[in-house]
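Per our numbering, the sequence shown starts with residue 107, numbered consecutively.
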Amino acid sequence: MKGVIERYNKQREEQHQLMNPASEVKFWQTEAAGLRQQLQYLQESHRQLMGEGLSGLGIKELQNLENQLEISLKGVRMKKDHILTNEIKELHQKGTLVHQENVELHKKMDFIQKENAELQKKVYEARSRNEENVASNLSCTIRNGYDLHAPISLQLSQPQPQYSEPATKAMKLGQRYTQIFGLDHNDTFLPIVKMASDRLLLAIAAI
């Protein structure tokens with residue numbers, strides 16, 4: 107169709123200067139009739155390619171039509187295969203990128219898991235050291251004989267008299283001697299009684 111239009115334009119330019127008006131009208135009528143025939147042929151071929159109007163065709167014409175369809179189908183398949191190939195390549199590229207991202211994510215997850223394990227290990231070690239220190243301090247406290255956590259109780263007591271049992275006995279014996287001999291504390295015989303009491307006190311202390 108494009109070639110017909112180009113040829114038409116070329117002939118128009120060549121014959122425009124040589125023809126008179128009557129000849130030019132006849133020329134254009136001939137060109138229009140030819141274009142109508144070509145258009146009719148193209149429309150009929152299109153219908154035949156679509157599978158319409160095949161009743162008047164012979165074997166040769168049907169074979170030619172089949173060849174045209176095979177050529178057209180081959181071109182369509184080639185174009186389809188080209189598009190599918192490009193799409194498959196693009197999908198492979200996307201799949202490779204997704205795989206790389208998954209690998210990076212797995213590496214990050216492994217790194218985070220290792221960090222968590224190290225932190226848990228440090229916490230466990232610190233807790234164990236703390237428990238050991240507490241146990242050591244508790245054992246030291248028990249060995250020292252007191253408990254830091256035991257309550258402290260303070261209690262006041264009455265003062266106890268400071269005297270010994272021998273001195274008390276001596277005083278009682280001295281009083282008895284004075285009662286036996288009928289002596290008074292101011293009597294001249296009191297020194298003798300005191301001396302006897304002192305000797306008795308020494309004897310009791312020796313026992």
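Don't be surprised by glycine CBs; every beta carbon is placed ideally from N, CA and C.
Please say whether residue j and residue i have beta carbons closer to each other than 8 Å?
i	j	result
G164	E150	no
Alpha carbon to alpha carbon, how far is residue i from residue j?
i	j	result
D187	L179	12 Å
L254	N222	Low local confidence applies: a pLDDT of 47 at L254 is under 50, so the model's placement there is unreliable, and no value is given.
T136	T191	50 Å
F217	E224	11 Å
G320	E193	Residue coverage of the chain in this structure runs from 107 to 313, which leaves residue 320 outside it and unanswerable.
E112	L148	18 Å
K213	E207	10 Å
E231	H205	39 Å
Q226	H198	42 Å
L240	K220	Note that residue 240 is Val in the sequence shown here, rather than Leu. Rounded to whole angstroms, V240 to K220 spans 30 Å at the Cα level.
G162	G201	55 Å
P127	W134	11 Å
E196	M215	29 Å
R142	L203	58 Å
K166	Q144	21 Å
K185	Q146	29 Å
S242	R235	10 Å
A138	R183	38 Å
G181	E210	44 Å
V229	I189	60 Å
C246	R233	20 Å
Y252	L244	Model confidence at Y252 stands at a pLDDT of 48, short of 50, so the residue's coordinates are unreliable; what they give is reported in the following sentence. Whole-angstrom Cα-Cα distance: 10 Å.
I177	V131	41 Å
L175	K116	33 Å
Any C-beta of chain C sitting closer than 8 Å to the C-beta of residue i?
i	result
T191	Absence of chain C from the displayed structure is noted, only one protein chain being present.
Contact the region 170–188 vs the region 152–159: 3+ CB pairs below 8 Å | yes
Would you mind listing the alpha helix (DSSP H) stretches within the region 147–201 that are 4+ residues and don't spill past its ends, in chain order?
-> none
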